[in-house]
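Chains as they are written, first to last, in our numbering: chain A, 7 to 337; chain B, 7 to 337.
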């Protein structure tokens, strides 16, 4: 899928700011694609964008309305239908990151057909992928891996991408989850791919490139997560990453959603990721670590980063607190 | 899915014996479920079963017609439609292991509806699976793992299951691929599950059981296969195997379908499988090896098994050539 830009960000009747997290991520990383926001009357979130009517957005050139809101159960609300249909009448495509499909709402699917508009359910891969070939390919690829889910892999990758853009380095961000897809305008939600094609999908979204070009690939899950490790391993093999960045949250007490499962040590997580990555990328190496220190005070965070940098002999940053320049300096 | 037995084995217009491989596997391991075979005029395979007309099979009590034949491209042939429709008229369900779906052929889907018959596309999971919990469960579970794909994991698991049945041990064979599903009458094709649910699907098909009950779980792929390792890791974590059997073909020159990729050593394959398995099953251990020595003469095969048994200190068998008694003896 390739989304047309710029976007009108639809945050509907978001119950709170957290419900608009996906939209906020897009605004943070692609402000130039976000023309404005559209809210319904009972919306409790705000993206800091201009409020626009659908007509104003169409006039300003909006090409896709992005449903960047999660409601309870992650489904498409009936209260949104009239807005989505009207946006299509005005020439916009619709893109959603929710679990159920836009086309399963008959009024939405009918309007898309009537107005020849596209519906993008970014969680649901629509392409047919091939089985991975494992054939080595040119270009540099960096993959964010982690000790667990949801600890900053996307954020880290995007921070590196933005830094490379600023330094004039050739790079692309390669999205593997729904928020990332809105930010990249393309990509595949790898956890929704049929299992046989995980690695093949990743090979396809990060193809061979110039020797000095960087693909910065969003990681998913962890090799140590009992629910999702298959996705992480397929991603690792398909990525053929030359460089790995290990992401970690020091304060986490157990694997996300699995109270009985402790986090792996950084040492064993680095060792297993490197050893598995080398199946398809013999030189793969963890070259830096990105910590999520959001639950620490400044002093503790600074101590944590310094002690790990000393112990592991590599740059250790918090992308939010310190930025990623020390990593960019060595790439 | 749960298939109704007994079966009428449909081998259609199989070009050669190999094209009826799936059907042959079912006949080999579940002869008591295979009432007879049905061929079209230009069939070049034979299962050694009685030839039956559809009417004779229905009369004899056949509950499911099993499409156990692969044609070029793995799709359902138009030449088969009349037979499948007639079988449904006579009260049989239809089960297929091919890639495309029975219901996508309109005449087949119409007949199923008209006669209230079930269509089983065993490659395509129809259940909704949960994300794996990773919670430890009771019972003993043995998983066949391997250095590569297609080197005897299903055959090894079935040989152990049959041996346990003969010894009066409580055991079930748990199928994870299409031929295995026909043999078990149930199961899930894990490589066709959505990636997020690989481990969850395996947890579901091998649930908690009596402390002295064995689930013998069919393995898939290899942690060292660049195309499919994600499936293998998800399967390994979901299985919570207490016992692993390593399957290997000594003469193989490269990973199946990947000419540039050498096979891993047995040492590293054992080490990685044990270390990953222990995430969800702390005592997991490779306790035996099953070799496919079909390309060796008797002397070489015997030498190979003996030298590996000495070197690794565990039973090494070829399930076809020597049987699996040495493994059963230690379980």
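Using N, Cα and C, we set each Cβ at its ideal position, and we do this for glycine too.
Since we're looking at a predicted model, the values are computed, not measured.
Inset, instruction - State yes or no: is the C-beta of residue 356/B within less than 8 Å of the C-beta of residue 185/B? - result: One cannot answer for residue 356/B here, as it falls past the ends of chain B, which runs 7 to 337.
Inset, instruction - Compute the Euclidean distance between the alpha carbons of residue 68/B and residue 302/B, then round it to the nearest angstrom. - result: Residue 68/B and residue 302/B have their C-alpha atoms spaced approximately 40 Å apart.
Inset, instruction - Please name the residue or residues paired with residue 102/B in a DSSP beta bridge. - result: For residue 102/B, which the question treats as bridged, DSSP gives the partners 73/B and 127/B.
Legend entry - Closest by C-alpha distance to residue 26/A, when choosing among 8/A, 50/A and 42/A: When only C-alpha atoms are compared, the closest one is 50/A.
Legend entry - Backbone secondary structure at residue 41/A - three-state DSSP: Judged by DSSP in its simplified three-state form, residue 41/A adopts strand.
Legend entry - Where the segment 178-197 of chain A meets chain B: residues whose CB sits under 7 Å from a CB there: Listed in chain order, the positions of the segment 178-197 of chain A with a beta carbon within less than 7 Å of a beta carbon of chain B are 196 and 197.
Legend entry - Residue from 30/A, 92/A and 157/A with nearest C-alpha to residue 60/A: Considering only alpha carbons, the answer is 92/A.
Legend entry - Check whether residue 96/B and residue 117/B have beta carbons under 8 Å apart: No, the pair does not count as a contact, with Cβ atoms beyond the cut-off.
Inset, instruction - Report yes if the C-beta of residue 232/B is less than 7 Å from at least one heavy atom of the ligand GTP; otherwise report no. - result: This structure lacks the ligand GTP, and indeed carries no ligand of any kind.
Inset, instruction - Assign residue 279/B to buried or exposed, taking buried as 16 or more other Cβ atoms, counted over all protein chains shown, within 10 Å of its Cβ. - result: With 16 or more Cβ atoms within 10 Å of its Cβ, residue 279/B is classed as buried.
Inset, instruction - Answer yes or no: do residue 353/B and residue 292/B have a C-beta to C-beta separation smaller than 8 Å? - result: Any question about residue 353/B goes unanswered here, given that chain B covers just 7 to 337.
Legend entry - Nearest-angstrom beta carbon gap, residue 176/B and residue 218/B [assumed within contact, 8 Å]: Confirmed, Cβ separation roughly 6 Å.
Legend entry - Three-state secondary structure (DSSP) of residue 234/B: The answer is coil: DSSP assigns residue 234/B none of H, G, I, E or B.
Inset, instruction - Give the DSSP-derived three-state secondary structure of residue 343/B in the structure shown. - result: Chain B is shown only over 7 to 337; residue 343/B falls outside these bounds and no answer can be derived.
Inset, instruction - Note the first and the last residue of the continuous alpha helix (DSSP H) segment covering residue 63/A. - result: It spans 60-65 - the alpha helix (DSSP H) in which residue 63/A sits, taken as one unbroken run.
Inset, instruction - Give a yes or no on whether the minimum CB-CB distance between residue 264/B and chain A is below 8 Å. - result: Put simply, the CB of residue 264/B is near chain A, with a gap under 8 Å to one of its CB atoms.
Inset, instruction - Figure out for me which residue from 38/B, 300/B, 306/B and 84/B has the closest Cα to the Cα of residue 156/B. - result: When each option's Cα is compared against that of residue 156/B, the closest is 300/B.
Legend entry - Within 8 Å of chain A by C-beta, residues of the segment 201-219 of chain B in sequence order: Of all residues in the segment 201-219 of chain B, 201, 202, 204, 205 and 206 have a Cβ within less than 8 Å of some Cβ in chain A.
Legend entry - DSSP state of residue 24/A mapped onto helix, strand, coil: Residue state, collapsed to three classes: helix.
Legend entry - Backbone secondary structure at residue 266/B - three-state DSSP: If DSSP states are grouped into helix, strand and coil, residue 266/B belongs with coil.
Inset, instruction - Buried or exposed for residue 74/A, please, with buried defined as at least 16 other CB atoms from any protein chain shown within 10 angstroms of its CB. - result: So residue 74/A counts as buried.
Inset, instruction - Starting from residue 155/B, follow the alpha helix (DSSP H) in both directions and report where the run begins and ends. - result: First-last for residue 155/B: undefined, no H or E at that position.
Legend entry - Below-8 Å beta-carbon distance, residue 28/B vs any chain A residue: No, because no Cβ of chain A sits closer than 8 Å to the Cβ of residue 28/B.
Inset, instruction - Give the DSSP-derived three-state secondary structure of residue 146/B in the structure shown. - result: Looking at residue 146/B - three-state DSSP - the assignment turns out to be strand.
Legend entry - Reference residue 255/B; option with closest CA among 264/B, 246/B and 272/B: Of 264/B, 246/B and 272/B, the residue nearest in Cα terms is 272/B.
Inset, instruction - Measure from the C-beta of residue 121/B to each C-beta in chain A and report whether the shortest distance is under 8 Å. - result: False, the Cβ-Cβ gap to chain A never drops below 8 Å.
Legend entry - Reference residue 162/A, options 53/A, 250/A, 264/A and 20/A, closest by Cα: Restricting attention to 53/A, 250/A, 264/A and 20/A, the CA atom closest to the CA of residue 162/A is found in 250/A.
Inset, instruction - Just confirm the distance between the C-beta atoms of residue 276/B and residue 240/B, as a whole number of angstroms; I'd bet it's less than 8 Å. - result: About 19 Å separates the two Cβ atoms, so there is no contact after all.
Inset, instruction - From the DSSP output, in three-state form, read off residue 322/A for me. - result: Residue 322/A: strand per DSSP, three-state reduction.
Legend entry - Touching by the beta-carbon criterion (3+ pairs, under 8 Å), the segment 314-334 of chain A and the segment 194-211 of chain A: The answer is no - the segment 194-211 of chain A does not touch the segment 314-334 of chain A, with fewer than three Cβ pairs under 8 Å.
Inset, instruction - Determine the closest residue to residue 324/A out of 318/A, 66/A, 310/A and 54/A, with distance taken between C-alpha atoms. - result: Residue 324/A has its Cα closest to that of 310/A, out of 318/A, 66/A, 310/A and 54/A.
Legend entry - residue 331/B: first and last residue of the uninterrupted beta strand (DSSP E) it sits in: Segment 331-336 is the alpha helix (DSSP H) holding residue 331/B; no beta strand (DSSP E) there.
Inset, instruction - Check each residue of the segment 283-294 of chain B: if its Cβ is closer than 8 Å to any Cβ of chain A, include it; give the result in chain order. - result: Look at the segment 283-294 of chain B: the residues with a C-beta under 8 Å from a C-beta of chain A are 285 and 286.
Inset, instruction - Measure from the C-beta of residue 76/A to each C-beta in chain B and report whether the shortest distance is under 8 Å. - result: By this cut-off, residue 76/A is not an interface position.
Legend entry - For residue 180/B, the three-state DSSP class (helix, strand or coil): Residue 180/B falls in the strand class under three-state DSSP.
Inset, instruction - Please decide whether residue 233/A counts as near chain B, where near means a Cβ-Cβ distance under 8 Å. - result: It does: the Cβ of residue 233/A has a partner Cβ on chain B nearer than 8 Å.
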